[in-house]
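What follows is one structure encoded as structure tokens, with my remarks underneath.
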Amino acid sequence: MTNRRSFLRGAAMAAPAALAAPAVLKAQEAIKWRFQTYAGSALGQEVTKPAIDAINAAAQGELEIELYYADQIVPTGELFQALQRGTIDGVHSDDDSMASPTPLRQFGGYFPLATKHALDVPVLFKQYGLAEIWEEEYAKVGVKWLSAAGQDPCNFNTKKEVTSLADLEGLRLYTFPTAGEFLSQFGVVPMNIPYEDAQVAVQTGELDGMAWSGITEDYTVGWADVTDYFLTNNISGAWIGSFFVNQQRWADLPDHLKTIVSSAIEASHTYRNQWYWGGEARLRAQGDKLQLRSIPQEEWKVVEDAAVTFWDEMAEQGEVAAKLVQIFRDYKDVTSKAGPPYTFG
Numbered sequence: 131m132t133n134r135r136s137f138l139r140g141a142a143m144a145a146p147a148a149l150a151a152p153a154v155l156k157a158q159e160a161i162k163w164r165f166q167t168y169a170g171s172a173l174g175q176e177v178t179k180p181a182i183d184a185i186n187a188a189a190q191g192e193l194e195i196e197l198y199y200a201d202q203i204v205p206t207g208e209l210f211q212a213l214q215r216g217t218i219d220g221v222h223s224d225d226d227s228m229a230s231p232t233p234l235r236q237f238g239g240y241f242p243l244a245t246k247h248a249l250d251v252p253v254l255f256k257q258y259g260l261a262e263i264w265e266e267e268y269a270k271v272g273v274k275w276l277s278a279a280g281q282d283p284c285n286f287n288t289k290k291e292v293t294s295l296a297d298l299e300g301l302r303l304y305t306f307p308t309a310g311e312f313l314s315q316f317g318v319v320p321m322n323i324p325y326e327d328a329q330v331a332v333q334t335g336e337l338d339g340m341a342w343s344g345i346t347e348d349y350t351v352g353w354a355d356v357t358d359y360f361l362t363n364n365i366s367g368a369w370i371g372s373f374f375v376n377q378q379r380w381a382d383l384p385d386h387l388k389t390i391v392s393s394a395i396e397a398s399h400t401y402r403n404q405w406y407w408g409g410e411a412r413l414r415a416q417g418d419k420l421q422l423r424s425i426p427q428e429e430w431k432v433v434e435d436a437a438v439t440f441w442d443e444m445a446e447q448g449e450v451a452a453k454l455v456q457i458f459r460d461y462k463d464v465t466s467k468a469g470p471p472y473t474f475g
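This is the structure in structure tokens:
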């Protein structure tokens, strides 16, 4: 009996110490990332913020991502350098806008006439091998490529009415580097200015419009308020943009948080697809700010033929470029034989 009492007294004395131990443990400090998107604040609410919000909610305080919009930390053209050196931890952009030093640069954003619909982009990446090429090329330069998706087409919204190729002559347009290079052969004067300055530049007469987006963005960011016409012909059916992370920051992230980040990004692609696809139709049919105009298809074929020559020139830039152009050719060959809705005419 004495032994039993002694044991109970000892257990009672030890219990407080055992219970007190967790109280001295410190909660793990949150991993914090700074993330910048190519999009301005109005557009960013739809194209980037849903992914970041989903990551922050699912991570439950273990990972906290602060979102910045176009040019808030660094100019869009310096996004890659800032990501590579760790000034920012993550980026949502296209390769062309962020001045990627890889051979992929000209193929991101709007590669002329390479796509017709937003779903072409994930098909090209997941079924035709672009994902492996993107991942491999960015691994060489200290950046982790995560995922790509398609968004809106690249149409023209202008102050001047455009109904023929001749009307493109002298148009000063805010556009992507590679798209501008392609369009310059038709007399377009590509202008390189900060994203958030584009609207004011139209109002002051510095710009005649934009060849940057579809009609959904025109209304969302205010460009429909300063331009009058929307050209239904486009030079690309879908933007090719990606999510990137600094390579070391990604390596340091626990596996379960990597899964959360990747899953949220993939889910956000679905949201953007429906937001753009529905917006393009609704605003063309019901929007009251931009008048629709078209260049006849037989005349627009000149642009389509010029894209074939442009592809040939791009393929000469190196082994990776040649491989990418061949993939686009292979996909175009398949869709051209498939009929509507893959191709028309």
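The numbering of the sequence shown is our numbering, which starts it at 131 and goes up by one. Glycine is no exception: its CB is placed at the ideal position from the N, C-alpha and C atoms.
Could you check where the alpha helix (DSSP H) with residue i kicks off and where it finishes?
i    : result
T473 : From DSSP, T473 is part of no alpha helix (DSSP H); its letter is neither H nor E.
P320 : Element bounds for P320: not the alpha helix (DSSP H) but the beta strand (DSSP E), V319 to M321.
L173 : S171 to V177
A261 : L260 to A269
Y401 : D385 to Q416
E347 : I345 to V351
L213 : L209 to R215
A445 : Q427 to A445
How many angstroms separate the CA atom of residue i from the CA atom of residue j?
i    : j    : result
Q315 : G300 : 11 Å
R164 : T400 : 24 Å
L155 : T217 : Because L155 carries a pLDDT of 39, less than 50, the predicted location of this residue cannot be relied on, and the following value inherits that uncertainty. Approximately 32 Å, taken between the alpha carbons.
A424 : T293 : According to the sequence as given, residue 424 is Ser; it is not Ala. Approximately 6 Å, taken between the alpha carbons.
P233 : V204 : 23 Å
Q175 : A269 : 29 Å
D385 : R402 : 26 Å
K467 : D219 : 43 Å
Q257 : G335 : 44 Å
N186 : Q158 : 16 Å
F481 : D327 : Given that the chain is displayed from residue 131 to residue 475, the structure contains no residue 481 and the question cannot be resolved.
I195 : N285 : 33 Å
Y461 : A279 : 16 Å
G317 : G310 : 10 Å
E265 : V332 : 38 Å
M228 : I370 : 13 Å
D463 : D382 : 42 Å
V450 : T308 : 17 Å
T465 : S343 : 23 Å
Q456 : F474 : 22 Å
G469 : I263 : 29 Å
Only counting the same chain, and skipping five residues up and downstream in sequence, which positions put a Cβ closer than 7 Å to that of residue i?
i    : result
A188 : I390 and A394
K179 : L197
L413 : I345, T346 and Y349
D338 : T288, K289, K290, L301, R302 and L303
M321 : R302, L303, Y304 and L337
E443 : none
H247 : G367 and A368
Y199 : T167, A169, G170, S171 and G174
V356 : Q329, V332 and Q333
Who are the near neighbours of residue i in its chain, counting only those whose CB is closer than 8 Å to its CB and skipping five residues on each side?
i    : result
A181 : H222, F373, A394, I395, A397 and S398
E446 : A452
F312 : P242, I365, A436, A437 and F440
V253 : Y461
G417 : I345, Y349 and A354
At what residues does the beta strand (DSSP E) containing residue i begin and finish?
i    : result
I161 : I161 to T167
R423 : Q421 to R423
T232 : Premise fails: T232 is in no beta strand (DSSP E) and is neither H nor E.
E194 : L193 to Y198
A331 : Where A331 is concerned, there is no enclosing beta strand (DSSP E), although the alpha helix (DSSP H) it sits in stretches over A328 to Q333.
K274 : V273 to G280
V375 : I370 to N376
F286 : N285 to T288
F360 : Y359 to L361
T305 : R302 to T305
V253 : Where V253 is concerned, there is no enclosing beta strand (DSSP E), although the alpha helix (DSSP H) it sits in stretches over D250 to Q257.
G220 : G220 to S223
Residues in the same chain with beta-carbon distance under 6 Å from residue i, minus the five sequence neighbours each way, listed in chain order, please.
i    : result
A380 : Per the sequence shown, residue 380 should be read as Trp rather than Ala. Closer than 6 Å at the Cβ level, and outside the excluded window around W380, lie K274.
A184 : A394
L193 : I161 and L387
A354 : D348, K419 and L420
A261 : F255
L361 : N285, F286, V292 and R423
A377 : In the sequence as displayed, the identity of residue 377 is Gln instead of Ala. Only G272, V273 and K274 meet the Cβ criterion.
Roughly how far, in whole angstroms, is the beta-carbon of residue i from the beta-carbon of residue j, given that I think they are within contact range, below 8 Å?
i    : j    : result
L276 : V375 : 6 Å
Q202 : Q166 : 7 Å
L454 : F237 : 5 Å
V330 : A172 : Not confirmed; about 14 Å, so no contact.
Y168 : D250 : That pair is no contact at about 20 Å.
Q190 : G272 : Not confirmed; about 29 Å, so no contact.
G170 : Y359 : In fact, because the Cβ distance is near 22 Å, the residues do not count as touching under 8 Å.
P283 : G367 : 5 Å
So, does the CB of residue i fall closer than 7 Å to a CB anywhere in chain C?
i    : result
T362 : Reference to chain C is not applicable here, since this structure consists of a single protein chain.
Does the ligand FMN have even one heavy atom less than 6 Å from the beta-carbon of residue i?
i    : result
K289 : The model depicted lacks the ligand FMN and carries no ligand whatsoever.
Problem set entry | At least three beta-carbon pairs within less than 8 Å, the segment 332 to 351 to the segment 405 to 414 | yes
Exercise. Would the segment 428 to 446 and the segment 231 to 250 be scored as touching if the rule is three or more Cβ pairs under 8 Å?
Worked result: yes
For this session: State whether the segment 277 to 295 contacts the segment 424 to 433, with contact taken as three or more CB pairs (one from each stretch) at a distance under 8 Å.
Result: yes
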